[in-house]
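Asker: Just dropping this structure here.
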Amino acid sequence: MAKKKTATATKEDAVQPTEGDVEDEVEEDDNSPEAYQTTGDFVVDFTELCKRGDVNLVNVKSRPQTPAQLGAEGEGPNTYVTKDKYEYLKPCIEVENDEDNKVSIKSLFIKGWAVDVPMLNILNLAAPQSLTHISLWRCGLDSASITGLVSMLSKLQVRVLLLDGNPSAASSFHHLCTEDSTLTNLSLRSNQINCSDASQLALALANNKTITNLSLYNNHIGDQGAMDIAKALRMNRSLLSLNLSSNKISDAGAKSVAEILTSLTLTHEEVVARRKLISENKSSLLVDDPPTTPGGRSKDRPGSNSRTGSHTALDKNKNKGASGKGKKQDKLQQPPAKDGRKSEQGKKDDKKRGAGSSSDSKSKAKSKGPAGKKGTGGDEKEQEPEVVEFQNPLLESNESEIDGVIVVSGNYALTSLNLNNNLISNSGITSLYKAIQFQENRQMKRGVRGLLRLTTKMNKYDTENRYATELLDVMVRRDPFYEHPLLEEDQSNATTNT
39 MAKKKTATAT KEDAVQPTEG DVEDEVEEDD NSPEAYQTTG DFVVDFTELC KRGDVNLVNV
99 KSRPQTPAQL GAEGEGPNTY VTKDKYEYLK PCIEVENDED NKVSIKSLFI KGWAVDVPML
159 NILNLAAPQS LTHISLWRCG LDSASITGLV SMLSKLQVRV LLLDGNPSAA SSFHHLCTED
219 STLTNLSLRS NQINCSDASQ LALALANNKT ITNLSLYNNH IGDQGAMDIA KALRMNRSLL
279 SLNLSSNKIS DAGAKSVAEI LTSLTLTHEE VVARRKLISE NKSSLLVDDP PTTPGGRSKD
339 RPGSNSRTGS HTALDKNKNK GASGKGKKQD KLQQPPAKDG RKSEQGKKDD KKRGAGSSSD
399 SKSKAKSKGP AGKKGTGGDE KEQEPEVVEF QNPLLESNES EIDGVIVVSG NYALTSLNLN
459 NNLISNSGIT SLYKAIQFQE NRQMKRGVRG LLRLTTKMNK YDTENRYATE LLDVMVRRDP
519 FYEHPLLEED QSNATTNT
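First residue of the sequence shown: 39, per my numbering; consecutive thereafter.
The following block contains the structure:
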């Protein structure tokens with residue numbers, strides 16, 4: 039027994055660390071990148087974190103500005119700037135400083151050199167809360183890099199993310215489109231995204247409510263990928279601009295995109311989800327009036343069985359002071375003249391209304407300038423652009439319902455679609471033309487106009503095709519920046535005025 043106790047004690051003595059080892063471990067933890075307290079100055083924090091993380095230090099410099107960005111106080115551009123040999127080939131990080139805090143940054147640009155996971159971890163720790171724009175162009179990102187980037191975005195309020203030229207991460211881009219994402223502008227150009235990658239991206243895009251601008255230019259997306267993206271747009275009402283140019287989309291993909299621009303026939307799964315949403319809200323959003331009981335009483339407020347609006351008006355008059363009660367009732371109950379002419383009280387009321395309307399018209403005329411334009415008076419407030427909010431498509435009012443088949447409005451939130459340089463022929467162009475014509479003849483809600491820009495250049499269709507030329511004419515008129523050509527009379531008047 040004594041020998042066993044001695045052996046156990048010797049083993050415990052060997053496992054227990056000495057005081058010097060504990061102090062060394064504490065010093066190592068204090069010098070780790072995670073233990074560093076950032077100061078808010080990106081250059082200082084990034085330099086210190088690179089030293090602690092044993093990562094090669096990269097030069098941080100301000101991004102060159104255009105003369106318009108420099109303003110009147112900035113120095114004008116020089117004709118030439120001398121640089122050291124191979125200066126442009128050295129890795130660097132370009133930043134744009136925050137306007138409120140000059141030591142902090144709002145934009146970060148990296149291009150042309152490999153950004154590995156350790157460097158992303160350093161950027162994650164050094165990134166300030168003011169950072170809203172990140173551009174990583176041809177940085178050799180892969181799936182592990184996207185995981186680190188997602189962790190970085192989770193603590194920031196980044197709005198714009200550009201990841202062009204990173205094909206090794208094509209299968210992981212869907213992790214950037216989660217429901218809790220803060221991104222509004224996502225660019226994934228030249229990433230060799232195929233149909234399988236586009237399908238995963240579409241699944242995430244269907245539930246995303248923040249991304250308004252998505253660019254998938256110059257990828258390998260075919261018809262199946264376009265169909266999956268169109269399926270995602272059945273439920274997505276936040277995406278406003280979609281760029282699918284320079285892909286491999288033919289007529290089948292173009293038709294699937296055109297279908298969602300008209301009206302949608304809900305599938306069985308969508309009908310079930312629709313009923314579930316209505317039951318969760320405890321009231322159908324398709325009915326504006328509150329539900330009533332058989333007695334005619336509303337659940338929110340008790341109704342009256344025999345009292346109408348006129349009785350209510352008389353009751354209000356009775357509750358007023360006794361001095362004016364009799365006169366007001368006499369006015370209300372005064373009978374009209376027997377010969378069909380108005381009574382004296384009616385004539386007085388008409389005169390008052392006429393005076394009021396004339397004064398209103400004069401005030402309106404004063405507020406408007408020449409040709410009906412609004413004046414620039416100090417009292418008049420500037421009109422702000424109307425923001426249209428789309429509700430859940432499953433809760434849209436029915437266009438029709440026959441034998442359980444429910445048809446609702448299509449996607450009218452998408453305003454810009456780029457299909458240049460694909461494989462679309464005459465059949466696909468015809469489908470797109472019919473979809474635009476449907477929106478042209480559709481009576482939409484206030485502020486909703488549907489697709490305003492559609493470009494289909496460099497495809498396989500005949501440019502002299504009837505539907506192609508008519509589609510071009512329609513889209514030119516739907517462009518919000520389109521100016522109607524002046525007629526000959528207007529041109530002559532304009533020349534005489536000048």
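Virtual Cβ for every residue (Gly too), placed ideally from N, Cα, C. Every value quoted in this text rests on a predicted model; they were computed, and no experiment measured them.
Identify every run of the beta strand (DSSP E) within the stretch 232–278, keeping only runs that are complete inside it and at least 3 residues long; order them along the chain.
Answerer: Correct list: 251–253.
Asker: Can you find the residues in the same chain that come closer than 6 Å, C-beta to C-beta, to residue 284, ignoring five residues on each side of it along the sequence?
Answerer: Result list for residue 284: 255, 256 and 459, in chain order.
Asker: Can you check DSSP and say which residues form a bridge with residue 306?
Answerer: DSSP lists no partner for residue 306.
Asker: Which residues does DSSP pair with residue 454 in a beta bridge?
Answerer: Looking at the DSSP assignment, residue 454 forms a beta bridge with 279 and 491.
Asker: Report yes if the CB atom of residue 193 is closer than 9 Å to the CB atom of residue 173, and no otherwise.
Answerer: Against a cut-off of 9 Å, the Cβ pair of residue 173 and residue 193 comes out as no contact.
Asker: If contact is defined by three or more beta carbon pairs under 8 Å, each pair taking one atom from either stretch, is the stretch 479–497 in contact with the stretch 309–316?
Answerer: The stretch 309–316, when compared against the stretch 479–497, does not touch it at the 8 Å Cβ threshold.
Asker: For residue 177, write down the residues that DSSP places opposite it in a beta bridge.
Answerer: According to DSSP, residue 177 bridges with nothing at all.
Asker: Quick check on residue 212: buried or exposed, where buried means 16 or more other Cβ atoms within 10 Å of its Cβ?
Answerer: It is buried - the Cβ of residue 212 has at least 16 other Cβ atoms within 10 Å.
Asker: Figure out for me which residue from 162, 197, 445 and 75 has the closest Cα to the Cα of residue 183.
Answerer: The shortest C-alpha separation from residue 183 is found at 162.
Asker: Decide if residue 71 is buried, meaning its Cβ has at least 16 other Cβ atoms within 10 Å, or exposed.
Answerer: Buried, since its Cβ has 16 or more Cβ neighbours within 10 Å.
Asker: For the putative contact between residue 466 and residue 300, defined by C-beta atoms under 8 Å, what is the C-beta separation to the nearest angstrom?
Answerer: Not really, about 15 Å apart at Cβ, beyond 8 Å.
Asker: Residues in its own chain within less than 8 Å of residue 332 by CB, not counting five upstream and five downstream?
Answerer: Unreliable positioning characterises residue 332 in this predicted model, as indicated by a pLDDT of 48, which lies under 50. The coordinate reading is nonetheless provided below. None.
Asker: Run the CB neighbour count on residue 435, radius 10 Å, all protein chains shown included, and call it buried at 16 or more, exposed below.
Answerer: Exposed, by the Cβ-count rule.
Asker: If you compare alpha carbons, which of 135, 305 and 126 is closest to residue 540?
Answerer: This structure gives no information on residue 540, because the portion of the chain shown stretches from 39 to 536.
Asker: Comparing C-alpha positions only, which one of 492, 443 and 139 sits nearest to residue 453?
Answerer: Nearest option by C-alpha distance: 492.
Asker: Identify whether residue 510 lies in helix, strand or coil by the three-state DSSP scheme.
Answerer: Residue 510: helix per DSSP, three-state reduction.
Asker: Please go through the same chain and pick out, in chain order, the residues whose beta-carbon is closer than 6 Å to the beta-carbon of residue 279, but skip the five residues on each side of it.
Answerer: For residue 279, where only same-chain residues beyond five positions count, the Cβ hits under 6 Å are 251 and 454.
Asker: Is DSSP giving residue 133 helix, strand or coil here?
Answerer: Strand, per DSSP.
Asker: How would you call residue 404, buried or exposed, if buried means at least 16 neighbouring beta carbons within 10 angstroms?
Answerer: For residue 404, the predicted structure reports a pLDDT of 42, less than 50, and the residue's modelled location is therefore unreliable. A value from the coordinates is still provided. Answer is exposed; the Cβ neighbour count stays below 16.
Asker: Considering only their Cβ atoms, is the gap separating residue 470 from residue 236 smaller than 9 Å?
Answerer: The answer is no: Cβ separation not under 9 Å.
Asker: Quick one: give me the first and last residue of the beta strand (DSSP E) that residue 97 is part of.
Answerer: Per DSSP, residue 97 belongs to the beta strand (DSSP E) from 97–100.
Asker: Output needed for residue 473: all residues of its chain with C-beta closer than 6 Å, excluding positions within five of it in sequence on either side, in chain order.
Answerer: Excluding residues within five positions, the ones whose Cβ falls inside 6 Å are 296, 299 and 300.
Asker: Let's test the definition: count the other Cβ atoms within 10 Å of the Cβ of residue 494 and tell me whether it reaches 16, buried, or not, exposed.
Answerer: Flag for residue 494 reads buried.
Asker: Short of 6 Å in beta carbon distance, which residues of its chain neighbour residue 178, apart from the five on each side in sequence? Order them along the chain.
Answerer: Around residue 178: 152.
Asker: Anyone know if the C-beta pair for residue 445 and residue 303 falls short of 9 Å?
Answerer: Yes, the pair counts as a contact, with Cβ atoms nearer than the cut-off.
Asker: Applying the criterion that 16 or more other CB atoms from any shown protein chain within 10 Å of the CB defines a buried residue, is residue 501 buried or exposed?
Answerer: Residue 501 should be labelled exposed.
Asker: If you draw a straight line from the C-alpha of residue 432 to the C-alpha of residue 273, how long is it?
Answerer: Taking the straight line from one Cα to the other gives about 8 Å.
Asker: Can you tell me which of the three DSSP states residue 225 falls into?
Answerer: DSSP places residue 225 in strand when its eight states are reduced to three.
Asker: Residue 447 lies in the beta strand (DSSP E); which residues open and close that run?
Answerer: Unbroken beta strand (DSSP E) run through residue 447: 443–447.
Asker: In this structure, how does DSSP classify residue 198 when only helix, strand and coil are distinguished?
Answerer: Three-state result, residue 198: strand.
Asker: Helix, strand or coil for residue 316? Go by DSSP, reduced to three states.
Answerer: Three-state result, residue 316: helix.
Asker: Out of 510, 145 and 81, state which residue places its alpha-carbon closest to the alpha-carbon of residue 475.
Answerer: The candidate whose alpha carbon is nearest that of residue 475 is 510.
Asker: Which residue's Cα is closest to the Cα of residue 92: 155, 289 and 477?
Answerer: Cα-wise, what sits closest to residue 92 is 155.
Asker: Suppose you measure from the CA of residue 336 to the CA of residue 430; what does that come to, to the nearest Å?
Answerer: In this predicted model, residue 336 has a pLDDT of only 45, less than 50, meaning its place in the structure is not dependable enough to derive any value.
Asker: When we look at the beta-carbon of residue 518 and count the other beta-carbons within 10 Å, is it buried (16 or more) or exposed?
Answerer: Its Cβ having fewer than 16 others within 10 Å, residue 518 is exposed.
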